[in-house]
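Here full-length UniProt numbering is used: the first residue of the sequence shown is 1, the next is one more, and so on. In what follows, a structure is listed as structure tokens, so that the remarks can point back to it.
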Amino acid sequence: MDIQSLAKDIPSQGEQSLEGIEFINNAEQYLTFVLGNEQFAIDILCVEEIRNWERPTQIPNSPNYVKGVINMRGIIVPIIDLRMKFGIGQCTYTVTTVVVVLTIEVEHKSKVIGFVVDAVSDVLNAEADDIKKAPAFGGSIPPEFITGLVNQDTNVVTLLTPEALYKIEKHQIDGCNQ
């Protein structure tokens with residue numbers, strides 16, 4: 001095939017060729033992940049990277065859900081175990097355990113923080129109309145951490161508020177096996 005034949009397939013200015021691109025839509029996108037038997041999601045625009053679980057450097061006298069810190073290309077990143085923070089069942093670290101590293105805007109500054117989750121699932125597309133307000137029924141997750149709920153097939157996915165997750169406070173939660 002010669003260059004002239006190939007040039008005929010290139011769209012002209014103003015012409016758009018978007019065949020096969022199905023990921024473009026008006027929905028918000030969320031990275032879904034698993035904690036115990038529950039599905040959660042976080043705004044995908046906050047996700048910096050997904051890393052394999054590695055034992056971080058521990059920080060003395062920190063809450064039990066603060067696993068420590070890692071050095072990520074010169075940035076010191078605190079690592080929080082969300083299962084422990086939310087009191088969701090017993091924690092064990094397996095081959096599917098990962099750290100989701102987020103960049104979050106807190107008090108007009110970008111902060112980087114990592115969250116240990118059992119496994120990453122998928123990308124969820126949710127229209128604003130699909131997101132339902134979470135009922136205040138007194139679960140283990142404080143309401144300020146929850147943006148809303150979305151039905152996905154037969155599951156309910158809890159959307160988390162990235163900015164609220166950065167707040168580290170003391171909790172009385174049982175330990176975790178590493």
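We put the CB at the ideal spot given by N, CA and C, even for glycine.
For E163, the enclosing alpha helix (DSSP H) covers residues P162 to L165. For K167, the number of other beta carbons within 10 angstroms of its own is below 16, and it is reported as exposed. Taking a contact as a CB-CB distance under 8 Å, the pair V116 and L82 counts as one, their CB atoms being some 6 Å apart.
Of the candidates S62, N61 and E54, the residue whose Cα lies closest to the Cα of N71 is E54. Around the CB of L45, fewer than 16 other CB atoms lie within 10 Å, so the residue is classed as exposed. Following the DSSP letters along the chain, one finds R51 in no alpha helix (DSSP H) but inside the beta strand (DSSP E) bounded by residues V47 to N52. From the listed residues T103, I79 and E38, the smallest Cα separation to T154 is found for E38. Under DSSP, S110 forms a beta bridge with E105. In the structure shown, the three-state DSSP call for A134 is coil.
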